[in-house]
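Note that UniProt numbering gives residue 72 to position 72 of the sequence shown, counting from 1, and the numbers run on in steps of one.
The beta-carbon is built from N, C-alpha and C at its ideal position, and this holds for glycine as well.
All of these numbers come straight from a predicted model, not from anything done at the bench.
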Amino acid sequence: MKAEQTGAGPGGGPDLASSPARKRAAANTIATELQPNTKKAGNRSDASMTSAAGTFAGWATGKGLKTAHTTWERQVRALLGRLDTEKGALGSAANILVTTDVERGTTIRRIPSSLRTY
Numbered sequence: 001m002k003a004e005q006t007g008a009g010p011g012g013g014p015d016l017a018s019s020p021a022r023k024r025a026a027a028n029t030i031a032t033e034l035q036p037n038t039k040k041a042g043n044r045s046d047a048s049m050t051s052a053a054g055t056f057a058g059w060a061t062g063k064g065l066k067t068a069h070t071t072w073e074r075q076v077r078a079l080l081g082r083l084d085t086e087k088g089a090l091g092s093a094a095n096i097l098v099t100t101d102v103e104r105g106t107t108i109r110r111i112p113s114s115l116r117t118y
């Protein structure tokens, strides 16, 4: 590229390139790996945090630990919700793109063409 030229710009090109199979695989990875492992990691601190907060009950440290644990649980739930949303969006996008492609192909095949007589 010469100094006076600019790059291609964002977006990578004018064509939509999508793989429904890859979208389904990504949704499956979220369901079978990310969600269960996130839930497991989120629950990991429950017993020790509850025990520590109980040990320091009545102290500012106990209140701080309880607040931190509540915040942690809320963040884990938010992350699990986000993963669920992304999983659903990937599955929907794969279905929408395939359906749209089939519908457009059907519409185009209905257009009369003189080339069909050859």
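Open item on the list: Let's see if you can read the secondary structure: which residues bound the alpha helix (DSSP H) around residue 73?
Closed with: 60-110
> I think residue 53 touches residue 42, with their Cβ atoms under 8 Å apart; what is that distance to the nearest whole Å?
Replying inline: With 8 Å as the limit, residue 53 and residue 42 do not qualify as a contact, their Cβ atoms being about 17 Å apart.
- If you drop the 5 nearest sequence neighbours on each side, which residues of the same chain put their C-beta closer than 7 Å to that of residue 27? 87, 90 and 91
Residue 23 versus 111, 73 and 96, residue with shortest Cα-Cα distance
96
| Roughly how many whole angstroms lie between the Cα atoms of residue 83 and residue 60? | 34 Å
Relative to the C-alpha of residue 34, which candidate in 93, 85 and 111 has its C-alpha closest?
85
Practice task
From the DSSP output, in three-state form, read off residue 47 for me.
Solution key: helix
- Query: In this structure, does DSSP put residue 57 in helix, strand or coil?
  - Reply: coil
Discussion item. At the level of alpha carbons, what is the spacing between residue 37 and residue 98?
Written reply: 31 Å
| task | Check residue 114 in the structure and name its three-state DSSP category. | result | helix
Exercise for the section: Would you decide whether residue 30 is buried or exposed? Buried here means 16 or more other CB atoms lie within 10 Å of its CB. Expected result: buried
*For the putative contact between residue 78 and residue 20, defined by C-beta atoms under 8 Å, what is the C-beta separation to the nearest angstrom?*
The Cβ separation is near 28 Å, so there is no contact.
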